[in-house]
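In my numbering, the protein residues as written are 369 to 492. Take a look at the structure below.
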Amino acid sequence: MNIGLTDGADPTASLYDDPSAAMLVAPEAEHLVQALAPLPVGEIPSDKWLTQHGWIERLNMQAHVNASQMCDEFVMEALVLHEKMPTLVHSLLASELWRTNVFPKLRERAAELDGVRLYQGKDY
369 MNIGLTDGAD
379 PTASLYDDPS
389 AAMLVAPEAE
399 HLVQALAPLP
409 VGEIPSDKWL
419 TQHGWIERLN
429 MQAHVNASQM
439 CDEFVMEALV
449 LHEKMPTLVH
459 SLLASELWRT
469 NVFPKLRERA
479 AELDGVRLYQ
489 GKDY
């Protein structure tokens, strides 16, 4: 799904590489929020999931900026208005299920097949 971002940035790009990628205007944030949809656990490694995860990262960063600057919380308003909080909770739970149940099996299987070791990020 191509939603036509106004700044031309790739929503899947790491926000840590380009801090300006997190800056959204209210209409753009609302458009991203409207595009959010629950995805099954099996879709987690897909391009569709990565794209949506990028949108959620951008919305999260903008919500933090808005809260820290005590300005209009348009991200939170859009999430509530479009009833997307359950979608965010679903995304969090699906990601956690994948990380705890699917990833360890993939790691074991990869090690069995070719001796390559997959590394998982640190748990904080």
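Glycine included, C-beta positions come from ideal geometry on N, C-alpha and C.
Measure the alpha-carbon distance for Ala-377 versus Thr-419 and round it to whole angstroms.
Bear in mind that the predicted position of Ala-377 carries a pLDDT of just 48, short of 50, making it too unreliable to give a figure here.
Using 8 Å as the threshold, is the C-beta distance between Met-391 and Gln-430 below it?
yes
For Trp-423 versus Leu-404, is the C-beta distance shorter than 8 Å?
Yes, they are a contact pair.
Check each candidate in Ala-397, Gln-402, Pro-395 and Val-393 and name the one with the smallest Cα separation from Glu-451.
Gln-402
Out of curiosity, what's the CA-to-CA distance linking Ala-457 and Glu-441?
In the sequence on display, residue 457 carries Val and not Ala. Distance from the CA atom of Val-457 to the CA atom of Glu-441, rounded to whole angstroms, is 19 Å.
Straight-line CA distance for Pro-408 to Ser-463?
The straight-line gap from Cα to Cα measures roughly 10 Å.
Rounded to whole angstroms, what's the CA-CA distance from Pro-406 to Ser-459? Just pull it up for me.
6 Å
Entirely within the stretch 388–417 and at least 4 residues each: give me those alpha helix (DSSP H) ranges in chain order.
394–403
Let me know the secondary structure DSSP gives His-450 once reduced to three states.
coil
Would you tell me roughly how many angstroms separate the C-alpha atoms of Asn-434 and Leu-481, rounded to the nearest one?
48 Å
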